[in-house]
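Read through the structure below, which is laid out as structure tokens, and then see the notes.
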Amino acid sequence: MSDLEMAFDGESLITPDSIASQVFSSTSPMRDGELAEAKAELALHLRVAEQQFESNTDVGQIMLRLLTGLHNVRNRYSPKIWEQLIPIAQTHAIARHFHEDPFTRWSFEKPRGYSGDAGLLDFIYRHPSKQPMLDAASPMGKAVNAFTSESPACVAVRERRDLLAQYVDDVASSRGGEAEILTIAAGHLREGKMSQGLKNGQIKRWLALDQDPLSVGAVASEYAGTAVEAVDGSVRTVLMRSQTLGTFDFIYAAGLYDYLADEVAIKLSQRCLQMLKPHGTFLFANFADEIPDDGYMETFMNWALLLRSEEDMWRIMRATTEGLDVECSLRYGANKNIVYGIIRKLS
Ligand SMILES: C[S@@+](CC[C@H](N)C(=O)[O-])C[C@H]1O[C@@H](n2cnc3c(N)ncnc32)[C@H](O)[C@@H]1O
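The letter at position 133 of the sequence shown is residue 133 when you use the UniProt record's numbering, and the numbering goes up by one with no holes.
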């Protein structure tokens, strides 16, 4: 298997190194002196932030200025150049302030060995299990967290959880207690707690599939006695059909496609459509390509994602549905940081 296949086979652990070739791929040639120019620009942003920390400027103000600067540098230069700037930011002295924030530090250290684990998402969801770590943080860590936890990307992820619960409830109420749902890369299935349909017993079966046995175990115990069934499985096991999952009224994946190259994303979407019942719906979410936090996430959080534009989403949907009797649509969340591709089977 080539390095690229390894990284995107839908099973191998997702690390910044494994997805770098995809996220930072670029065909544009480098101008003479472009790297030096970019390094100087980054150094200036980091130096200003350092001076602001020294003079006790409000942390939120420092972060807003720096995040905007990082985002602009990231967009101004080619991905190949930006990739070379990342370690410079990560090893700069100011990184220590950001890593006092338990959320930023968790993302950077990757205690589960891969990016974007369900434990990290629990910081975003403000889950009570994370409160002791936030309480124990230094005043600097708390101030950084007050900013990072309100970033547009985090706001969009909390909204995503609520939207997913709403989709589940809409399906549940339209299927008269017979709704069958499949969540791929379910993490801790936090949207399950928001679902009225699950509470009211309107869901017959809700499979929550994830590759991390810790998350599968957490879902199994948290949802014991409900319609939710935790399943140990991966994109690869779904593609290989190595488990018999059945058919569903609603299948969705959130926080997964951001790590899948188009080829795997299309194959997975096609497989999901095959598992849909007539008139069922498949939904996949992806971070949008213009999120303001991208520079901070890729540097101080070491959290690289495949950000997608509307056209990128349509490309996946077109390739997935060629010749099928379906209706495709696309929507954004309120702050446009997350984009949703939705495919409904018409027969
Ligand atoms: C960013 S979290 C999202 C969790 C949840 N869907 C949410 O929105 O909160 C990503 C999840 O994808 C899972 N994951 C990553 N790669 C996977 C794969 N190849 N197959 C199945 N799950 C995967 C991880 O274990 C993790 O729980």
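Backbone N, C-alpha and C fix where the C-beta goes; we use that ideal spot for every residue, glycine too. Source: prediction; values computed, not measured.
Asked                                                                                                            : Found
Member of P16, V339, T247 whose CA lies at the smallest distance from the CA of D289                             : V339
Cβ-heavy atom distance, V228 to ligand 1, below 6 Å                                                              : no
Contact the region 315–328 vs the region 132–140: 3+ CB pairs below 8 Å                                          : no
Near ligand 1: G333 beta-carbon under 6 Å from a heavy atom                                                      : no
Bridge partner(s) assigned by DSSP for S269                                                                      : Paired residue(s): none; S269 is not in a bridge.
Host beta strand (DSSP E) of P132 (start-end)                                                                    : From DSSP, P132 is part of no beta strand (DSSP E) but of the alpha helix (DSSP H) over 131–135.
Inter-stretch contact (C-beta, 8 Å, three-pair minimum) for the region 287–301 and the region 265–275            : no
Integer Cβ distance of N335 from F287, believed to fall under 8 Å                                                : About 12 Å; that fails the 8 Å criterion.
Cβ neighbours of R190 in the same chain (closer than 8 Å, five flanking residues each side left out)             : L121, D122, Y125, H127, R161
Nonlocal neighbours in the same chain, by C-beta distance under 7 Å from L67, ignoring five residues either side : P292, D293, G295, Y296
S215: CB within 6 Å of a non-hydrogen atom of ligand 1                                                           : yes
L276 Cβ short of 6 Å to ligand 1 heavy atom set                                                                  : no
Closer than 6 Å: E166 CB and nearest ligand 1 heavy atom                                                         : According to the sequence shown, residue 166 is Gln rather than Glu. No, the Cβ of Q166 stays beyond 6 Å of every heavy atom of ligand 1.
CA-to-CA distance, T244 to R74, given in whole angstroms                                                         : 44 Å
Which listed residue (R308, S21, D170) has its alpha carbon closest to that of M255                              : It should be noted that the sequence gives Gly, not Met, for residue 255. If we check each option's Cα against that of G255, R308 comes out closest.
M63 versus D101 - alpha carbon distance                                                                          : 12 Å
Among V238, L239, P152, A220, nearest to A230 - alpha-carbon criterion                                           : A220
Residues that K345 bridges to, as DSSP identifies them                                                           : V326
G113 CB to nearest heavy atom of ligand 1 below 6 Å                                                              : no
Q274 burial status per 10 Å Cβ neighbour count (16 or more: buried)                                              : exposed
Bridge partner(s) assigned by DSSP for Y252                                                                      : T183, L283
Residues that I203 bridges to, as DSSP identifies them                                                           : A179
Residue burial classification, A253 (beta-carbon count within 10 angstroms, cutoff 16)                           : buried
Contact check, E178 vs K204, beta carbons under 7 Å                                                              : yes
Pairwise C-alpha distance: H279 and S347                                                                         : 6 Å
Beta-carbon gap between G187 and S149 smaller than 7 Å                                                           : no
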